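Here numbering that gives the first Met the number 0 is used: the first residue of the sequence shown is 0, the next is one more, and so on. Backbone N, C-alpha and C fix where the C-beta goes; we use that ideal spot for every residue, glycine too. Here the structure is a predicted model, which is why all the values come from computation and not from measurement. See below for the structure under consideration.
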Amino acid sequence: MRATYPIILVSCLLIAVAISSCCHRPVYFVVQQEELREVNMGSLFELHSQFGKSEGVVTEMEYFATPVIKTESGSGKSGSLDDLSDSVTHLTWYRYREWPVRLPGLTRKVIFTNQFFSEREQEWEISMTPAYLLVPTDKDKVPGRNESMHFLCYKVLDPKPSHYDDFTLWDQIEPEGEDIKILLPKYFCIPVEKTREGISSGSVDLYGEHLACYEVRTQQGDLADRRPVTISNQFDTDWRDLILRETYMLCVPSRKVEVEVITKPVFE
0 MRATYPIILV
10 SCLLIAVAIS
20 SCCHRPVYFV
30 VQQEELREVN
40 MGSLFELHSQ
50 FGKSEGVVTE
60 MEYFATPVIK
70 TESGSGKSGS
80 LDDLSDSVTH
90 LTWYRYREWP
100 VRLPGLTRKV
110 IFTNQFFSER
120 EQEWEISMTP
130 AYLLVPTDKD
140 KVPGRNESMH
150 FLCYKVLDPK
160 PSHYDDFTLW
170 DQIEPEGEDI
180 KILLPKYFCI
190 PVEKTREGIS
200 SGSVDLYGEH
210 LACYEVRTQQ
220 GDLADRRPVT
230 ISNQFDTDWR
240 DLILRETYML
250 CVPSRKVEVE
260 VITKPVFE
């Protein structure tokens with residue numbers, strides 16, 4: 000039997016952000032080898048966001064995201080891969096373990112718009128517990144990352160399929176282009192400001208760019224080939240060689256976004 004509780008509604012209007020096509024980010028699997036994925040957990044750090052304060056550690060890397068040129072399938076490439084230089088900030092996805100662990104039975108609802116449904120809102124229910132911390136990363140020994148660019152990602156609960164156009168992606172991992180089909184909402188990521196041992200990663204607009212991440216299927220299916228990259232960031236300060244697998248998600252920046260956060264206890 001489901002119990003009924005008062006609903007606490009918090010609304011916030013997010014600042015409209017001018018976003019270019021290169022700010023979309025395909026997300027690649029990091030090949031499943033523990034020696035490549037494990038990181039030093041280290042001490043607790045603080046994350047501050049519109050959802051409040053979170054404390055936790057990262058445990059292992061799972062995905063790697065690059066900036067990309069995105070077009071509707073069959074429309075041809077617009078822009079140059081030169082605009083996607085290694086000096087543009089990449090994002091490494093680390094599994095995030097929050098402490099203390101949140102009690103089960105709480106969810107949030109976020110309502111937003113992006114270019115997939117520019118004329119109507121999307122509504123996702125997300126977990127209260129963050130799943131991943133996205134960390135700014137340099138690629139292939141070219142420095143220039145934006146140290147303040149962090150995102151905290153929450154899993155979408157009971158995602159609903161919808162109709163999305165097919166797209167073609169070009170980036171430095173797939174310079175010849177990769178056709179993808181959007182499947183389901185996967186994660187909703189919010190900007191955060193990170194503080195560790197009293198040192199801040201830098202000032203962040205906590206109501207600025209968000210990322211709506213969708214699971215995708217490539218026309219090529221699960222690629223058998225492996226794609227090497229070299230990365231460096233705050234958790235892997237020495238350059239580390241990684242092997243990437245197929246594209247798993249596409250993260251889409253949100254603009255002119257209005258978010259409603261609904262917190263409600265739910266018990267079966």
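For a test of the three-state rule: what should DSSP assign to residue i, helix, strand or coil?
| i | result |
| --- | --- |
| F150 | strand |
| F115 | helix |
| K140 | coil |
| W169 | strand |
| S199 | strand |
| H162 | coil |
| Q121 | strand |
Measure the C-alpha to C-alpha separation of residue i and residue j and round it to an integer number of angstroms.
| i | j | result |
| --- | --- | --- |
| M248 | I242 | 17 angstroms |
| E245 | T217 | 8 angstroms |
| T136 | R195 | 17 angstroms |
| V251 | S42 | 31 angstroms |
| R119 | Y163 | 14 angstroms |
| V155 | T65 | 22 angstroms |
| P227 | E175 | 16 angstroms |
| F166 | I179 | 5 angstroms |
| F111 | C188 | 12 angstroms |
| G207 | P184 | 20 angstroms |
| P99 | E54 | 8 angstroms |
How is the beta strand (DSSP E) around residue i delimited, first residue to last?
| i | result |
| --- | --- |
| I110 | 105–111 |
| F50 | Note, F50: premise wrong, no beta strand (DSSP E); not H, not E. |
| R195 | 177–195 |
| L43 | Per DSSP, L43 belongs to no beta strand (DSSP E) and is neither H nor E. |
| D240 | 239–252 |
| V67 | Unbroken run through V67: none, as it is neither H nor E. |
| Y93 | 89–97 |
| Y213 | 210–217 |
Throw me the rounded Cβ distance for the residue i and residue j pair, which I believe falls under 8 angstroms.
| i | j | result |
| --- | --- | --- |
| F63 | H89 | 7 angstroms |
Report task. Report yes or no: do the region 93–104 and the region 53–62 share at least 3 C-beta pairs separated by less than 8 angstroms? Result -> The region 93–104 vs the region 53–62: in contact.
Query - Contact the region 146–163 vs the region 198–208: 3+ CB pairs below 8 angstroms - result: At 8 angstroms Cβ cutoff, the stretches touch.
Query raised in the report: Is the region 98–111 close to the region 166–186, with three or more CB pairs under 8 angstroms?
Result: Pairwise C-beta distances place the region 98–111 out of contact with the region 166–186, as fewer than three of them are shorter than 8 angstroms.
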